[in-house]
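Here this note's numbering is used: position 581 in the sequence shown is 581, and no number is missing along the way. For each residue, glycine too, the CB sits at the ideal point set by N, CA and C. All remarks here apply to the structure that follows.
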Amino acid sequence: MARTLFVAPAGRSVGLTTAALGLVRALDRLGTRVAFAKPISTRTADRSIALVKLGSALQPPEPLSRKRVEDLLSSGDEQTLLEEVVAVCSQAAEGADVLVVEGMVPEGGAAYAMRVNALMLRALDAELVLVGAPIAQTPFELADALSIAARGFGELGEARQVNCIVNRVPVEDDEQLATWASAVSAQELTPVALVPARDDLSALRVKDLAVAIGARVLHPGDMHQRRFRDVRLCAMTVPNSVKVFAPDRLIITPADRDDIILAVALAVMGGMRIAGLVLTGGVTPNERVMQLCAPAFALGLPVLEVDDGSFQTATRVGDVDRQIPIDDKERVELAMNVVADRIDAAWLRSVVASRRSQRLSPPAFRQRLVEEAREANRRIVLPEGTEPRTIAAASIAQERGIARCVLLGEPDAVREQARKLGVKLHPSIELIDPASVSARYLDSLVERRQARGMTRERAEEELQDSIMVGTMMLAEGEADGLVSGAVHTTAHTIRPALQLIKTVPGCELVSSVFFMCLPEQVLVFGDCAVVPNPTAEQLAEIAIQSADTAAAFGIQPRVAMLSYSTGTSGGGEEVEKVQRATELASRRRPELIIDGPLQYDAAVMPDVARSKAPKSAVAGKATVIIFPDLNTGNVTYKAVQRSAGVVAMGPLLQGLNRPVNDLSRGCLIEDIVFTIALTAIQAKQSAARR
1 MARTLFVAPA GRSVGLTTAA LGLVRALDRL GTRVAFAKPI STRTADRSIA LVKLGSALQP
61 PEPLSRKRVE DLLSSGDEQT LLEEVVAVCS QAAEGADVLV VEGMVPEGGA AYAMRVNALM
121 LRALDAELVL VGAPIAQTPF ELADALSIAA RGFGELGEAR QVNCIVNRVP VEDDEQLATW
181 ASAVSAQELT PVALVPARDD LSALRVKDLA VAIGARVLHP GDMHQRRFRD VRLCAMTVPN
241 SVKVFAPDRL IITPADRDDI ILAVALAVMG GMRIAGLVLT GGVTPNERVM QLCAPAFALG
301 LPVLEVDDGS FQTATRVGDV DRQIPIDDKE RVELAMNVVA DRIDAAWLRS VVASRRSQRL
361 SPPAFRQRLV EEAREANRRI VLPEGTEPRT IAAASIAQER GIARCVLLGE PDAVREQARK
421 LGVKLHPSIE LIDPASVSAR YLDSLVERRQ ARGMTRERAE EELQDSIMVG TMMLAEGEAD
481 GLVSGAVHTT AHTIRPALQL IKTVPGCELV SSVFFMCLPE QVLVFGDCAV VPNPTAEQLA
541 EIAIQSADTA AAFGIQPRVA MLSYSTGTSG GGEEVEKVQR ATELASRRRP ELIIDGPLQY
601 DAAVMPDVAR SKAPKSAVAG KATVIIFPDL NTGNVTYKAV QRSAGVVAMG PLLQGLNRPV
661 NDLSRGCLIE DIVFTIALTA IQAKQSAARR
């Protein structure tokens, strides 16, 4: 994944898009493969993507509509929103080294914008670039405002800094700019760019003004190129009016003021590049006067007319939105270059050169699961086909293309249960009555278990269990994976798999992991469901299996072998077992980043790691947590899941020749959906091994 810079506003009207465009240009100048995304659209027509396309060769994906975002937020489904945000950004970042993401602007009615920005920052594992602009503020007042905005993003984590771009600074010389930089730095923020205010950055073309105020064009002149930086209303005598004539200035005057119209024309013919002339009052200007002014029109002077009075017109012109129009390439280029020129070169080089360890956020992980499961396109059997949560999850998984689901249960009973739940069964979901197909697996079951004394009578009895039927489908190659456990025990789910599917060649142990979707990142916990009291050899195998599972699902494995002691601070049989397991795993897999024994806080908290295990390559940044026994693992995962409101995906079983996965009997519909996705991906990986 590309290194991600999340550009967020510290208030309204701060020039957010201009700052993001400038970052793109500055990174592009360094030869960096840069990408841009604006994952959530504005309320009106979105301009950011159009402007990026105008000022670069990038083709960013379309953002989520504001309606889609508000529908998800109003239903409390922040997770789906963040998954879709990650999907948009992942599409944009493909092949890039750095991704610039533009956050939401707090428009009217979008009070949730800053909260959503904070959620996106974490979901994308991005670095914050906060954009502010002084509006009648001193340097220290602006710095306070930036600091308050930064706190709204919460704790950013170890070694993360808040980078700031300050737009429209009302000074230009380096000494004065240094005062603003010092004020920002005093708030423990990092000023990476101070962009002085420039009139030309907000100079609209006369043609844009004509559209904005609904003016009629009497003479177009150079209206498509000519810009105005400020406006003057002229209704006094000519000697007093000519005092305000100036290059790049728009003149507003009543249409019956022939004297001022002629004076403007003379000024233009004399070489002054007046931006344009707006005639007010809805009065037709004198034809002869306009003929006298023809040489000025030929020199490019645009002339507009409106029905409103002069004062009302001046007010409307003053209220015109000065944002860059989506076809104004000249101004886009100017804005990108002005900001890019002011961005600190050393900071830019650090962005490009850094290989910061990436943290896989829960939304990024879930989005990756969905995409990989769709690509896998596997047939997953669900033996608990009449169980309400399973029916709902199967319908969601089928709808999202996560898997081809098979519900085992009497079809009419499944449909009736779905009707009661208000679940619309996807038409492509397979409904199979296990009683009607069990007979075809009878001979195969007897043959597979004959050495264990299996008889036809006992096989008939075993096949009355839908989990056994589903496992036989898997064993016979009629399904790619199995998910069960919403109403059955782990032993009930695993036993048929151990009997029929067996373990991967060369492996004698089946263990499990949970993917713990913590607020900041996804950790792998193992073993929390299968092996009660592993030996040192088994614990080493669990660590290796869990590391391989983490890597297979996009999590860089850094394995912490947990104990009640860190390093040599404690002793005893249990600590020695963990030490022995760590040594065995390291010998078997020398390339594995593994350390132990470590206490949990030393494994995951950088500040604790610095004091307890300063030389460890794992401490403070572990991604795979191996518990010393099932008692510890199961209690811990449930405590974290329930107390912190964390989604725990799993248990995902490791070591089986084909994927069979267990569910907690307290699982939610979402848990089942993602377990189906995990199983589909495992099935693809399993097929690749065979």
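For residue i, the residue or residues it bridges with in DSSP
i, result
"glycine 276", "Leu250"
"cysteine 164", "Leu130, Pro191"
"histidine 426", "Paired residues: none, contrary to the question."
"serine 484", "Asp662"
"phenylalanine 525", "Phe514, Ile625"
"threonine 503", "Leu656"
"aspartate 595", "Ala560"
Buried or exposed by the 16-neighbour rule on C-beta atoms within 10 Å, applied to residue i
i, result
"proline 63", "buried"
"glutamine 225", "exposed"
"glutamine 599", "buried"
"lysine 67", "exposed"
"threonine 535", "exposed"
"lysine 424", "exposed"
"glycine 132", "buried"
"proline 285", "buried"
"threonine 679", "buried"
"valine 162", "buried"
"serine 361", "buried"
"proline 134", "buried"
"arginine 216", "exposed"
"glutamate 102", "buried"
"lysine 612", "buried"
"threonine 4", "buried"
"serine 241", "buried"
"glutamine 521", "buried"
"alanine 451", "exposed"
"isoleucine 148", "exposed"
"arginine 331", "buried"
"glutamine 291", "exposed"
Residue i CB to nearest heavy atom of the ligand ATP below 7 Å
i, result
"leucine 539", "As for the ligand ATP, it is missing from this structure, which has no ligand bound."
Host alpha helix (DSSP H) of residue i (start-end)
i, result
"valine 14", "That residue, valine 14, is in no alpha helix (DSSP H); it is neither H nor E in DSSP."
"methionine 649", "Not the alpha helix (DSSP H): methionine 649 falls in the beta strand (DSSP E), residues 647–654."
"valine 52", "48–55"
"serine 436", "434–437"
"phenylalanine 311", "310–319"
"glutamate 172", "No alpha helix (DSSP H) contains glutamate 172, which DSSP labels as neither H nor E."
"arginine 400", "Arginine 400 -> no alpha helix (DSSP H), and no H or E assigned at all."
"aspartate 258", "258–269"
"arginine 440", "Run containing arginine 440: none; DSSP gives neither H nor E here."
"arginine 68", "66–74"
"leucine 81", "78–93"
"methionine 236", "Unbroken run through methionine 236: none, as it is neither H nor E."
"tyrosine 112", "Counting along the chain, tyrosine 112 falls outside any alpha helix (DSSP H), and DSSP gives it neither H nor E."
Boundaries of the beta strand (DSSP E) in which residue i is found, first to last residue
i, result
"arginine 692", "In the structure displayed, the chain extends from 1 to 690; residue 692 sits before or after that span and is not available."
"glycine 453", "No beta strand (DSSP E) contains glycine 453, which DSSP labels as neither H nor E."
"alanine 8", "3–9"
"alanine 376", "Premise fails: alanine 376 lies in the alpha helix (DSSP H), 362–376, not in any beta strand (DSSP E)."
"arginine 232", "230–233"
"arginine 405", "Here the sequence assigns cysteine to residue 405, which means arginine is not the residue at that position. Run containing cysteine 405: 404–408, per the beta strand (DSSP E) assignment."
"leucine 58", "Note, leucine 58: premise wrong, no beta strand (DSSP E); not H, not E."
"valine 303", "303–305"
"phenylalanine 36", "34–37"
"leucine 99", "98–102"
"valine 352", "That residue, valine 352, is in no beta strand (DSSP E); its alpha helix (DSSP H) goes 345–353."
"valine 217", "216–219"
### Query
Using 8 Å as the threshold, is the stretch 342–349 in touch with the stretch 367–384, meaning 3 or more CB pairs across them?
no
### Task
Decide if the stretch 9–20 is in contact with the stretch 82–98; the criterion is three or more beta carbon pairs, one per stretch, under 8 Å apart.
no
### Task
Mind the definition here: the stretch 584–594 touches the stretch 543–551 only if three or more C-beta pairs lie below 8 Å; say whether that holds.
yes
### Task
Return the chain-ordered ranges of every beta strand (DSSP E) run that is complete within the stretch 529–589 and spans a minimum of 3 residues.
559–562
### Cβ contact check for the stretch 628–645 and the stretch 466–474: 3 or more pairs under 8 Å
no
### Message
Check whether the stretch 603–618 and the stretch 555–566 are in contact - that is, three or more C-beta pairs closer than 8 Å.
### Response
yes
### Three-pair Cβ contact test at 8 Å for the stretch 273–287 versus the stretch 248–260
yes
### Query
Counting Cβ pairs, one atom from each stretch, are 3 or more of them under 8 Å apart for the stretch 23–34 and the stretch 330–347?
yes
### Message
With three or more beta-carbon pairs closer than 8 Å as the criterion, would you say the stretch 316–336 touches the stretch 254–266?
### Response
no
#### Entry: contact_flag[the stretch 545–559, the stretch 503–516] where n(CB pairs < 8 Å) is 3 or more
yes
### Meets three-Cβ-pair contact criterion under 8 Å: the stretch 265–276 and the stretch 296–313
yes
### Message
With three or more beta-carbon pairs closer than 8 Å as the criterion, would you say the stretch 435–454 touches the stretch 482–489?
### Response
no
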